[in-house]
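These protein sequences, in sequence, are chains Z, W and D.
With the first sequence counted from 1, adding 386 to any position gets you the numbering used here.
With the second sequence counted from 1, adding 1181 to any position gets you the numbering used here.
With the third sequence counted from 1, adding 1361 to any position gets you the numbering used here.
Even for Gly, the Cβ is constructed at its ideal location relative to N, Cα and C.
Notes to accompany the following structure.
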Amino acid sequence: MKQLIALDINDQIYEVPVDPWDLLSDVIRKKVRLTGTKKGCEQGDCGACTVLINGQAVLSCLTLAIACQGKKITTIEGLAEQDGRLHPIQQSFVDYGAVQCGFCTSGMILSSKALLDSNPKPGREEIKRALSGNLCRCTGYKKIIEAVEVASETMSKEGVK
Amino acid sequence: MFLNHFEYFAPQAAKDALDLCDRLGAKAKILAGGTDLLNLMKDKLLKPEYLIDINNVDEFKGIFYEPGKGAVIGAATKISEIERSEIIREKYFALHQAAGELGSVQVRNMATIGGNICNASPAAETPTPLVALGAKVVISSLSGDREMPLEEFILGNGETALAEGEILTKFLLPEPISGSVSRYGYIGLRDAMEIDAVNLAVNLALGEDGRIIKQLKLVMGSVFPRPLVSEEAPEILIGKEFSAELAEEAARAASSESKPISDIRASAEYRREIVAVLSRRLLQEAFSAAQGEV
Amino acid sequence: MGVWDKEQYVREGVPPFQDERRFTQVGKSVPKIDSPAKVRGEAIYTDDIVLPGMAYGRIKRCTEHAHAKIKKIDYSKALAHPGVLAVLIGDEAPKKWGMLPQTANETVLAVDKVRFNGEGVAAVAAVDEETAEIACDLIDVEYEPLPVLLDPFESMQRAGEIQIHEDAPGNILHEGEQVFGDVDKAFKECKYILEREFKTNMPQQGFLEPQAALANYDPQNGQLRLWSSSQIAHYLHRQISDVLEMPMNKIRVTVPTVGGGFGGKAEACVNEFVACLLSRKIGRPVKVTFDRSEVFYTNKGRHPCHMKMKIGLDADGYIQAVDFDNTLDKGAYAGWGIVVLFYSASMIHLPYKVPNARFRGRCVYTNKPSMGSMRGLGGVQPRFAMECMLDELAEMMGISPFELKMKNAVESGYTAVNNMYVPHTEYKRSLQKAVEKSGYLEKHGKLPFGKGIGLAGGYYITGTAYTLYMSYKPHTSVLLRVDTEGGVTLHCSAVDIGQGSNTVMAQMAAEALGVHFEDVHIQSHDTEVGTFDLGTFASRLTYATGIAIRDAAEKINGKLKEIAAGLLGCRADHLAIKDRKIYSIYEAERKSMEWEKVVEIAVNTTGSLAAMGHFSPPRRRGFDLTSGKRAQGANIGHSPTFGFSCQIFEVDVDLETGKIKVTRVTESGDMGTMINPMAADGQVEGSIVYNLGACLYEDQFFDKDGIHLNPNFQDYKMPTIMDMPEMDINTLTDSYDPTAPFGAKETGEGAVQPTFPAIVNAIYDAIGIRFTEVPITPEKVLKALKEKKKGK
Ligand SMILES: Cc1cc2nc3c(=O)[nH]c(=O)nc-3n(C[C@H](O)[C@H](O)[C@H](O)COP(=O)(O)OP(=O)(O)OC[C@H]3O[C@@H](n4cnc5c(N)ncnc54)[C@H](O)[C@@H]3O)c2cc1C
Ligand code: FES
Ligand code: FES
């Protein structure tokens, strides 16, 4: 028995019919058609499906969509500026070679954003801890850490949120 | 990877949650963070007809501390909140450590302490420190609350003392006795996202002199269907002056008390070995820290 | 330094216009052209695509057995279930497929029996994924269990009693022997001889994007389109054509963005066939996306190897003979098997001079999911054995492993006894640089107990010499198009799986045409829009496309120069094209034109410009002109050129828990010119962490009945960011292979080669224990430490 719910995704309200058992990852990908959120394992182990709910990084593959009414959901599509300019984290991922196949990238960037929003000047260990739930099989992580460090500097310089 | 079909309830008040629980009985499951429950449902190991989401019930959440009395932690409190809590860090360090090692940032933001306990996995992170810290649980139902030590609550792998219609609502942590210190540690293959091969917590208090061990609780995880409290380690150490040799002896004793199994994560033999190592290390660590306290 | 001696590296005084190494586009760390779309979440992967009327396919798998006869499949209930559109079973597509046509023995879905746990037995198409999943549960399959063979030796032994394939007596896919020189005689003359046995694990690629395929068959015109997350559009194309019995020209394969492959997508995959067959059956688009467990059931990971190796050195430490025996656990189906077998054979011939060598090997069937081609195919296992043994031999001799390896390292111009030819190498400089940067000589053997440092080298091919089926066609063709509308467009069906080939191709095309890399549009990933390319494997793309691009660009440049020469009043062969300008190399100031202007004039007079370029690898097979004998080997293993590298690992061993912490890695590699140094570094860093996981914890487990115990990321443990060591990457920046396009060779597969032995040698340095089996779990370390203490 489907229910029409309102989801606030990237500051836009989407009215979507959902069943109680629909997972947020599937609703975002298939109903809202924001396919930047990826599914790598559907069991919480890879972090590819990471989204922000009220600013906190969570796994959309283990979240019921119906439970997300009234919450602010941010997906990777919600990071760039209105005019298409990349968010500093996105920009530094591009500039510092932190992207290879890109399948982990959405989750990595969102986890990084949650970190930098709460801790604008993290140390290396803090960055590692914050990203330890996001597997990347391609990069060896080094350039991802560098990219987060650079983004942290840019953001504090430019006062970006 | 689909969930079975169920009806979903998201009560706002404790009373409503308990009402639902009472009414729906065994056909319902409590949904807290969902990090265990939804995985089990995806694997079709559980097919509840109703889910009662307790995340909106404020009465089930939060960390409250009263000096001299101890802390109360709501069962639906997120692991990340516990990890960040200053008071938990200060008073119940082992729990702070365990919270910080559970899963990943995302998992900690979702998972609750109540879920970790009710899921009753032998490898779980928080039961060991909670038992070591002498935690009690509060179980609520329409007919009222009951309390019991956590040790008695977890009965085995996936089994708890919860009866139909009951919700675990609170954890009561006693005020740590003066001069006490707690520590937590685990061993797994990787440095993150690890299902522990073994985890362990100690809670140790020194006497006024800063040498004699006044109180000790050593709890082992992942080596028995439920948290295993060492009986011999306290016997060896309490009332004695701490020494590396005694710590070693206590660690060996704990190790021989453990009853681990072999699985793909580790063999029983290795687990037993690690219990000894972790016990000794944590005893040493706790002792040194306790000396600083006195 | 061999044929390319030092002089050739001195570029001082060479005027820029005569210096083919003075690049403007190549050698720059430009951001990957596809990364902006990826960071915005806008890159489209196969599972992201939805077509009107699309149905969802799912495979019913045999999860209860690893070897069983199929007695009966009853899918009536599934078919009757609302929303189910079709059911497919093995008998409907009995044509056997496999990477090598000679050994094709896999069917789309099991026919008559299942040979590994998780094999597909039926498939359904339904209106949505959930219905498809339910329908699979409604299919009843009756099995008669057969004895399960999980160990290759047991499999050979019990072959009389139970055979996995009717046509494979002895349960052996293939046995091979290669002998070069007189090995036994050489050993007799050796002063130092060492013999060891090694065993490797069963890691899986672990790409983050599960396989997905979307097929759309058009019943009106009989055309089939397939979108799939594949590394090998061409081989996939061939195999689909084969199994569906449709001509290739009726099939178009498009590869959307790929979320990693590492060889795991270098073979056709069951979901691709199933999507196509179901789509043909129902006349609607069908998508089949795997969940993670299906990725593990499909496997196609690295072959576990049981290796015996014997190495002999003369009194001065020069290798005289290598004897290598390898038993590979093939799993259930042939796939890449023979290729891997003979790659492993070829690996003993480099990067050291080995005058006498013998190989005996066999690929044995077992009831495990098939192994396939995993990053560093055929190389990782023998490299592990050889580099560890050289470490031990150096100890026997009382010299540093570095010294021993330097002594034996190959040089440019070397021809191995198996006829493999190395046109260029900087292996020695890689060794030196890594040693220097890490302080290896100061630390090795001198660190406190529990801390250690280990060195290992390695090499890998830069593409294969042969196609997997009999054909003499070029391995890569590109089409370069230049016009006033699209500017420069490069067509080639090569697939970028994240390694950055699209970017690298754009840089090379820009360099070759004298424009900027942003000016080049890449049309790849598609068998219809792109021209022929063999695929993304064997570390081949940079080299192969580089040569083809240069070939095509020269033709375009020739035309433009002719026109510009007339306009500028000079000779065409005096003209150079660089930086969007065409100018006389002698009067650059006076005689110069905008490139774009010349293009416009060319197009206005003779129309759009286009040129094809091709790459065919040099062949080494055939007859030896001097001896008249047929040159043996060098069929598999030979390559136009080779990449080399050295890694030095530092580890901390927790002596009480056995846990190994890799603290630091110092790398130096010779990959020729780095077309894009940032991307090249990324390959090396990725490689190190990749094989670090396989060395220390990754493995797939089966119970005694062959049931897969860890088909998930919870218990198949890949390194997290917390497990990453500090990495100091020092790829040689001045290596240049004059025989290679822009001087570039390979990385990506070469860089995984030294990791196992470097870690293992470091562990030895730390605790005095030589491990010969991976993964080296804390448990194994602790056990070994105890045994050592007991004096065993
Ligand atoms: C990727 C990943 C990594 C993980 N890593 C770890 C780890 O390192 N260590 C570890 O210990 N765990 C780990 N877990 C398991 C899990 O996250 C924890 O056990 C978590 O604490 C469960 O809490 P939850 O709120 O998500 O529980 P849920 O999944 O919501 O519930 C679990 C069970 O408890 C019941 N329940 C929950 N709350 C109550 C209540 N108040 N009263 C009665 N019944 C209740 C539910 O009905 C259900 O049966 C991991 C999980 C994932 C997905
Ligand atoms: S898809 Fe959600 S964590 Fe992997
Ligand atoms: S870039 Fe491929 S998984 Fe991270």
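- The C-beta distance from phenylalanine 2010(D) to isoleucine 2120(D) rounds to 5 angstroms, short enough to meet the 8 angstroms contact threshold.
- Looking at the DSSP output, alanine 1573(D) shares a beta bridge with Thr1650(D).
- Non-local beta-carbon contacts of alanine 1398(D) in its own chain, meaning distances under 6 angstroms to residues more than five positions away in sequence, involve Ala1404 in chain order.
- Taking a C-beta distance under 8 angstroms as the contact criterion, alanine 2055(D) and proline 1564(D) qualify as a contact pair.
- Under DSSP, valine 1843(D) forms a beta bridge with Val1849(D), Leu1970(D).
- Chain-order list of chain Z residues neighbouring asparagine 2071(D): empty, with the shortest C-beta distance near 11 angstroms, by a criterion of under 8 angstroms.
- Between alanine 1867(D) and valine 1881(D), the C-beta spacing is below 8 angstroms.
- In this structure, valine 1482(D) has its beta carbon at no less than 7 angstroms from each heavy atom of ligand 1.
- Between ligand 1 and serine 1302(W), a heavy atom-to-CB distance of less than 7 angstroms is present.
- For glutamine 468(Z), there is no enclosing beta strand (DSSP E), as DSSP marks it with neither H nor E.
- Just measuring C-alpha positions, the residue of Thr1468(D), Ala1870(D), Pro1646(D) sitting nearest isoleucine 1601(D) is Thr1468(D).
- Under the Cβ distance rule, glutamate 1454(W) counts among the residues neighbouring chain D, one pair being separated by less than 8 angstroms.
- A check of alpha carbon separations from proline 1712(D) across Gly2004(D), Gly2104(D), Arg1401(D), Ala2101(D) identifies Gly2004(D) as the nearest.
- According to the DSSP assignment, arginine 1721(D) belongs to no alpha helix (DSSP H) but to the beta strand (DSSP E) extending over 1717-1726.
- Distances from the CB of phenylalanine 489(Z) to the heavy atoms of ligand 3 include at least one below 7 angstroms.
- Beta-bridge pairing by DSSP links glutamine 1396(W) to Ala1386(W).
- Of the residues Trp1588(D), Tyr1694(D), Glu1633(D), Ser1977(D), the one whose Cα lies closest to the Cα of valine 1839(D) is Ser1977(D).
- Closer than 8 angstroms to the CB of leucine 1370(W) there is not a single CB belonging to chain Z.
- Within the same chain, Cβ atoms closer than 6 angstroms to the Cβ of arginine 1719(D) are found at Val1540, Val1544, Asp1684, the five residues on either side in sequence being excluded.
- If the five residues before and after threonine 461(Z) are omitted, its C-beta is found closer than 7 angstroms to the C-beta atoms of Ile395, Asn396, Ile414, Leu420, Gly422, Thr423, Val437, all from its own chain and listed in chain order.
- Neighbourhood of leucine 521(Z) in chain D, by CB distance below 9 angstroms: Gly1567, Leu1569, Phe2074, Met2079, Pro2080, Thr2081, Ile2082, in chain order.
- Judged by DSSP secondary structure, lysine 1560(D) falls within the beta strand (DSSP E) whose first and last residues are 1553-1560.
- Of all residues in the region 403-423 of chain Z, only Asp405, Pro406, Trp407, Leu409 place a beta-carbon less than 8 angstroms from a beta-carbon of chain W.
- Within the region 1599-1623 of chain D, contact with chain W at the beta-carbon level (separation under 8 angstroms) is assigned to no residue.
- In the DSSP assignment, asparagine 1918(D) falls within the unbroken alpha helix (DSSP H) covering 1902-1929.
- If you look at isoleucine 1233(W), you'll find it in the beta strand (DSSP E) that goes 1231-1234.
- Between leucine 448(Z) and threonine 2081(D), the C-beta spacing is not below 8 angstroms.
- Residues Gly1296, Asn1300 of the same chain have their beta carbon placed closer than 7 angstroms to that of aspartate 1217(W), with the five preceding and five following residues left out of the count.
- When the five nearest sequence neighbours on each side are left out, the beta carbons in the same chain lying within less than 6 angstroms of the beta carbon of lysine 1916(D) are those of Ala1972, in order along the chain.
- Between tyrosine 1451(W) and chain D, the shortest Cβ-Cβ separation is below 8 angstroms.
- At a cut-off of 8 angstroms between C-beta atoms, lysine 1768(D) does not count as an interface residue with respect to chain Z.
- Considered as a whole, the region 1425-1494 of chain D harbours 1429-1435, 1445-1450, 1481-1487 as its complete beta strand (DSSP E) runs of no fewer than 3 residues, in chain order.
- Within chain W, the residues whose beta carbon sits less than 7 angstroms from that of glutamate 1491(D) are Phe1183, listed in sequence order.
- In terms of side-chain proximity, the C-beta atom of glycine 1621(D) is found nearer than 7 angstroms to a non-hydrogen atom of ligand 3.
- Shown here for asparagine 2073(D): same chain residues with a beta carbon closer than 8 angstroms to its own, the five before and five after excluded, namely Arg1653, Ser1654, Phe1657 in chain order.
- With 16 or more other Cβ atoms inside 10 Å of its own Cβ, histidine 1426(D) counts as buried.
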